[in-house]
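Student:
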Amino acid sequence: MAVLSIAGEDLPCYELPLLDDAAPAQAGAAVGGVSPGTRVFALSNLFGVAVGDERVSAQHGVISGTVPLEARRGAHEAPYRGNVYILDCTTSNPGSAGGALIDWRGRLVGMLGKELRATATGVWLNYALPVDEVARGYRSVLGAGFDATLATPEPDGLPYDVALLGIVLVPDLLDKTPPFVESIRDGSVAAGVGLRADDLLVAINGRSVASRSAVQQRLAALADGDPVQVTVIRDGGIVECDLGPKPRAGGKP
Numbered sequence: 456m457a458v459l460s461i462a463g464e465d466l467p468c469y470e471l472p473l474l475d476d477a478a479p480a481q482a483g484a485a486v487g488g489v490s491p492g493t494r495v496f497a498l499s500n501l502f503g504v505a506v507g508d509e510r511v512s513a514q515h516g517v518i519s520g521t522v523p524l525e526a527r528r529g530a531h532e533a534p535y536r537g538n539v540y541i542l543d544c545t546t547s548n549p550g551s552a553g554g555a556l557i558d559w560r561g562r563l564v565g566m567l568g569k570e571l572r573a574t575a576t577g578v579w580l581n582y583a584l585p586v587d588e589v590a591r592g593y594r595s596v597l598g599a600g601f602d603a604t605l606a607t608p609e610p611d612g613l614p615y616d617v618a619l620l621g622i623v624l625v626p627d628l629l630d631k632t633p634p635f636v637e638s639i640r641d642g643s644v645a646a647g648v649g650l651r652a653d654d655l656l657v658a659i660n661g662r663s664v665a666s667r668s669a670v671q672q673r674l675a676a677l678a679d680g681d682p683v684q685v686t687v688i689r690d691g692g693i694v695e696c697d698l699g700p701k702p703r704a705g706g707k708p
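Residue numbers (the numbering used here): 456 to 708.
1) Here's the rule I'm using: 16 or more other beta-carbon atoms within 10 Å means buried, otherwise exposed. How should P426 be labelled?
2) Would you kindly check if the distance between the Cβ of L584 and the Cβ of V522 is under 8 Å?
3) Just to confirm before moving on: does the CB-CB distance between S499 and L563 stay below 8 Å?
4) Using the C-alpha atoms, what's the distance from L650 back to S638?
5) Below 8 Å on the Cβ atoms is my guess for I596 versus V458; work out the distance and round it to an integer in Å.
6) Which runs of the beta strand (DSSP E) spanning at least 3 residues fall entirely within the segment 535-619, listed in chain order?
7) Cα separation between K701 and A676?
8) Just verifying my parser: in three-state terms, what is the DSSP assignment at G699?
9) For A533 and G507, what's the separation of their Cα atoms in angstroms?
10) Since I believe D679 is in contact with R703 (beta carbons under 8 Å), could you give me their beta-carbon distance rounded to a whole number of angstroms?
11) Hey, would you say G621 sits closer than 8 Å to R591, going by beta carbons?
12) Using CA coordinates, which residue listed in R662, L655, A645 and Y593 is at the minimum distance from P451?
13) Hey, quick one: how far does the beta strand (DSSP E) through V644 stretch, first residue to last?
14) Under 7 Å Cβ to Cβ from V617, same chain only, skipping five residues before and after it: list those, please.
15) Just to check my reading of the structure: D543 and V517 have Cβ atoms closer than 8 Å, yes? What is that Cβ distance to the nearest angstrom?
16) What residue does the beta strand (DSSP E) around R510 start on, and which one ends it?
17) So, under 8 Å CB-CB, G661 and T574 are touching, yes? Tell me the CB distance rounded to an integer number of Å.
18) Would you check if the distance between the CB atom of L580 and the CB atom of A658 is smaller than 8 Å?
19) With a threshold of 16 other CB atoms inside 10 Å of the CB of A555, please say whether the residue is buried or exposed.
20) Can you grab the Cα-Cα spacing for the pair R572 / T546, in whole Å?
21) Between which two residues does the alpha helix (DSSP H) harbouring A669 extend?
22) Excluding the five sequence neighbours on either side, which residues of its own chain have a C-beta within less than 7 Å of the C-beta of E695, listed in chain order?
23) Which word fits P608, buried or exposed, when buried means at least 16 other C-beta atoms lie within 10 angstroms of its C-beta?
24) State the DSSP-derived secondary structure class of A485, mapped to helix, strand or coil.
25) Smallest Cα separation from A513: which of V504, A497 and R536?
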């Protein structure tokens with residue numbers, strides 16, 4: 456999110472709410488005084504058709520629920536981890552991102568999000584950031600601070616050695632080297648489930664990974680003994696492989 460200064464006076468605008476430091480609401484609960492089932496209007500430059508001083512498009516819908524956002528754009532996972540409103544109107548289109556979500560009384564209740572797919576299912580999401588989250592981000596930008604709910608949490612400790620699963624990834628030559636499999640160790644768990652050289656790892660336990668370091672960090676975030684399921688792209692298709700429980704660091708593949 457960016458904060459811009461516009462030269463002008465008496466411009467039409469919405470007021471952002473004043474916030475305390477209370478924790479964000481739980482999934483499914485009311486956020487900012489707005490609960491699932493609330494009728495809303497999504498105001499945006501739908502498909503980017505408006506040019507200059509033209510009226511925005513309005514879509515009528517209902518807030519279906521409030522859930523934590525787990526989404527991606529291509530292979531890149533969305534950094535935002537707070538709650539969002541799921542909408543039953545089609546706002547996932549070019550031009551809608553950044554539009555206003557208002558209730559039937561004209562109050563600003565959220566901001567339409569950019570085009571993203573759900574990490575677990577791959578479907579396009581129609582969602583909006585609650586106005587409280589927008590205000591929290593606005594306050595963080597003005598104060599040059601950092602809000603942990605607005606970014607992907609990084610696991611503590613050292614990156615996990617994927618060789619413990621029997622996987623050897625290509626060397627980390629670039630800042631974000633794609634996690635291609637260079638080879639599989641004979642007799643390892645990875646060999647037993649059919650992983651192959653040249654497979655591209657795209658997700659671990661349903662969470663997307665876009666680089667070698669992301670694979671190591673995602674595995675490091677799992678507890679020893681947790682199930683490990685990897686998703687790979689092979690010959691243009693998607694293959695799921697269950698690697699069983701995560702080996703502890705210092706063990707054998």
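All residues carry an ideal CB built from backbone N, CA and C; glycine is no exception.
Tutor: In terms of the structure at hand:
1) Beyond the ends of the chain as shown, which are 456 and 708, falls residue 426; an answer cannot be given.
2) What you label residue 522 is simply residue 67 of the sequence shown in a count that begins at 1. What you label residue 584 is simply residue 129 of the sequence shown in a count that begins at 1. In this structure, L584 does not lie closer than 8 Å to V522 by Cβ.
3) Here residue 499 corresponds to residue number 44 of the sequence shown, with the count starting at 1. Here residue 563 corresponds to residue number 108 of the sequence shown, with the count starting at 1. No.
4) Here residue 638 refers to the residue found at position 183 of the sequence shown. Here residue 650 refers to the residue found at position 195 of the sequence shown. Looking at the two C-alpha atoms, the distance is approximately 9 Å.
5) Here residue 596 corresponds to residue number 141 of the sequence shown, with the count starting at 1. Here residue 458 corresponds to residue number 3 of the sequence shown, with the count starting at 1. Inspection of the sequence shows that residue 596 is occupied by Val rather than by Ile. That belief holds up - the Cβ atoms of V596 and V458 are roughly 5 Å apart, short of 8 Å.
6) 538-542, 555-558, 563-567 and 582-585
7) Translated into the one-based positions of the sequence shown, residue 701 becomes position 246. Translated into the one-based positions of the sequence shown, residue 676 becomes position 221. Each residue's alpha carbon lies about 11 Å from the other.
8) Translated into positions along the sequence shown, residue 699 becomes position 244. DSSP places G699 in strand when its eight states are reduced to three.
9) As a position in the sequence shown, residue 533 is number 78, starting the count at 1. As a position in the sequence shown, residue 507 is number 52, starting the count at 1. Those two C-alpha atoms are separated by around 30 Å.
10) Counted from its first residue, the sequence shown places residue 703 at position 248. Counted from its first residue, the sequence shown places residue 679 at position 224. About 4 Å; that satisfies the 8 Å criterion.
11) As a working mapping, residue 621 is identified with position 166 in the sequence shown. As a working mapping, residue 591 is identified with position 136 in the sequence shown. No. Outside cutoff.
12) There is simply no residue 451 to check, as the chain begins at 456 and stops at 708 in what is shown.
13) Within the sequence shown, the letter at position 189 stands for residue 644. First-last for V644: V644 to G647, but that is the alpha helix (DSSP H), not the beta strand (DSSP E).
14) In the sequence shown, counting from the first residue as 1, residue 617 sits at position 162. Here the set comprises L624, V670, Q671 and L674.
15) As a first step, residue 543 must be located in the sequence shown, where it is residue number 88. As a first step, residue 517 must be located in the sequence shown, where it is residue number 62. About 5 Å separates the two Cβ atoms, so the contact holds.
16) Working through the sequence shown from its first residue, we reach residue 510 at position 55. Note, R510: premise wrong, no beta strand (DSSP E); not H, not E.
17) In the sequence shown, residue 661 corresponds to position 206, counting from 1. In the sequence shown, residue 574 corresponds to position 119, counting from 1. Their Cβ separation, rounded to whole angstroms, is 6 Å, which keeps G661 and T574 in contact under 8 Å.
18) Against the sequence shown, residue 580 aligns to sequence position 125. Against the sequence shown, residue 658 aligns to sequence position 203. No, these two residues do not count as a Cβ contact at 8 Å.
19) Reading the sequence shown from its first residue, position 100 is the one you call residue 555. Answer is buried; the Cβ neighbour count reaches 16.
20) To locate residue 572, count along the sequence shown from 1; it is residue 117. To locate residue 546, count along the sequence shown from 1; it is residue 91. For R572 and T546, the distance between alpha carbons rounds to 13 Å.
21) Position 214 of the sequence shown, counting from 1, holds the residue named residue 669. Per DSSP, A669 belongs to the alpha helix (DSSP H) from R667 to A675.
22) In the sequence shown, counting from the first residue as 1, residue 695 sits at position 240. Q684 and T686, listed in sequence order.
23) For the purposes of this step, residue 608 is taken as the residue at position 153 of the sequence shown. Model confidence at P608 stands at a pLDDT of 43, short of 50, so the residue's coordinates are unreliable; what they give is reported in the following sentence. Exposed.
24) As a first step, residue 485 must be located in the sequence shown, where it is residue number 30. Its pLDDT being 45, under 50, A485 is placed unreliably by the model, and the measurement read from it follows with that caveat. Coil at A485, not helix or strand.
25) Against the sequence shown, residue 513 aligns to sequence position 58. Cα-wise, what sits closest to A513 is A497.
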